[in-house]
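Chains as they are written, first to last, in the working numbering: chain A, 220 to 331; chain B, 6 to 118.
Take a look at the structure below.
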Amino acid sequence: QKEVEQNSGPLSVPEGAIASLNCTYSDRGSQSFFWYRQYSGKSPELIMSIYSNGDKEDGRFTAQLNKASQYVSLLIRDSQPSDSATYLCAVGQGTGFQKLVFGTGTRLLVSP
Amino acid sequence: DAGVTQSPTHLIKTRGQQVTLRCSPKSGHDTVSWYQQALGQGPQFIFQYYEEEERQRGNFPDRFSGHQFPNYSSELNVNALLLGDSALYLCASSLGRKDQPQHFGDGTRLSIL
């Protein structure tokens, strides 16, 4: 079992729709969770962080965390073609200092 | 406010050579982490530096070594390069406190011939 699992996609949605990206993790002790967006040939860009169970909203993005189910998700409302990218789920591991463990990413395609 | 800067942008080496990659953290950050990202994969943690000491290390051989300087900048050194070392090498900086988000530089793309 991989430490952080994501569906590789591609996930295809029409412009204006809600894109739902999912991630599961294996380490029950994890306390911090992050979503990064990575355009082709570029480096990961932090878009959301979440630490507590529930929802966290930032503009068109909503991160959801359920530690009991070891599940993290990212919702993108009113999807735009410019949202087309690979979305990486990262889980912080370690006490004191944390390393990030990444999933392989989900490729999102938003069609006009 | 300067973000994380990495140099060089691209590098081509041959098997057996050694390479040094450099990173300057975002202003105000004191912790530097290095990741390797192969094509189609998520980044893999190499190691992390804080107060000029290696604090955590991932599952990478001793050919991979690093250093952090008093100004928080960092270097990644790889010796005896293998074809499999071809990847995007990413530097991320953060505040030393636990759970703080890590911010990535643009990366160095290393190709081994």
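From the three backbone atoms N, C-alpha and C, an ideal C-beta is built for every residue, glycine too.
Predicted, not measured: the structure shown is a model, and the values here were computed from it.
{"Query": "Grouping DSSP H, G and I as helix and E and B as strand, with all else coil, what is Gly-89/B?", "Result": "helix"}
{"Query": "Using a Cβ cut-off of 9 Å, pull out every chain A residue sitting near Gly-44/B, in sequence order please.", "Result": "The amino acid occupying residue 44/B in the given sequence is Leu; Gly does not appear at that position. Under the 9 Å cutoff, chain A gives no residues; its nearest Cβ is about 11 Å from Leu-44/B."}
{"Query": "Which ranges does the alpha helix (DSSP H) cover as unbroken runs of at least 4 residues, wholly within the segment 55-80 of chain B, from first to last along the chain?", "Result": "none"}
{"Query": "What runs of the beta strand (DSSP E), each 3 residues or longer, lie entirely inside the segment 224-298 of chain A?", "Result": "230-233, 238-244, 251-257, 264-269, 273-277, 280-285 and 290-295"}
{"Query": "Which chain A residues sit within Cβ distance under 9 Å of Lys-103/B?", "Result": "Gln-250, Ser-251, Gly-311, Gly-313, Thr-314, Gly-315, Phe-316 and Gln-317"}
{"Query": "Measuring straight from C-alpha to C-alpha, what distance separates Gly-47/B and Glu-224/A?", "Result": "11 Å"}
{"Query": "Taking 8 Å as the cut-off, decide whether the C-beta atoms of Pro-30/B and Tyr-94/B are in contact.", "Result": "no"}
{"Query": "8 Å is my cut-off, CB to CB: does Leu-307/A come that close to chain B?", "Result": "yes"}
{"Query": "Among Met-267/A, Asn-272/A, Gln-312/A and Glu-222/A, whose alpha-carbon lies nearest the alpha-carbon of Leu-240/A?", "Result": "Met-267/A"}
{"Query": "Of all the options Gly-324/A, Ser-292/A and Val-310/A, which has the alpha carbon lying nearest to the alpha carbon of Arg-247/A?", "Result": "Val-310/A"}
{"Query": "Between the beta-carbon of Gln-11/B and the beta-carbon of Asp-111/B, is there less than 8 Å?", "Result": "yes"}
{"Query": "Tell me whether the beta-carbon of Gln-257/A lies closer than 8 Å to the beta-carbon of Leu-293/A.", "Result": "no"}
{"Query": "If we define contact as Cβ-Cβ less than 8 Å, is Ser-32/B a contact residue for chain A?", "Result": "no"}
{"Query": "Helix, strand or coil for Ser-330/A per DSSP?", "Result": "strand"}
{"Query": "What residue range is occupied by the uninterrupted beta strand (DSSP E) comprising His-15/B?", "Result": "15-18"}
{"Query": "Taking the beta strand (DSSP E) that Lys-318/A belongs to, which residues open and close that run?", "Result": "318-321"}
{"Query": "Determine, using beta carbons only, whether Gln-73/B comes closer than 8 Å to chain A.", "Result": "no"}
{"Query": "Just to make sure I have the definition right: I need the residues of chain A whose C-beta is within less than 7 Å of the C-beta of Phe-69/B. Which are they?", "Result": "Residues of chain A passing the Cβ test: none, with the nearest at roughly 14 Å."}
{"Query": "Helix, strand or coil, according to DSSP, for Ser-38/B in the structure here?", "Result": "strand"}
{"Query": "Let's see if you can read the secondary structure: which residues bound the beta strand (DSSP E) around Ala-7/B?", "Result": "Here Ala-7/B belongs to no beta strand (DSSP E), and DSSP marks it neither H nor E."}
{"Query": "Ser-116/B lies in the beta strand (DSSP E); which residues open and close that run?", "Result": "113-117"}
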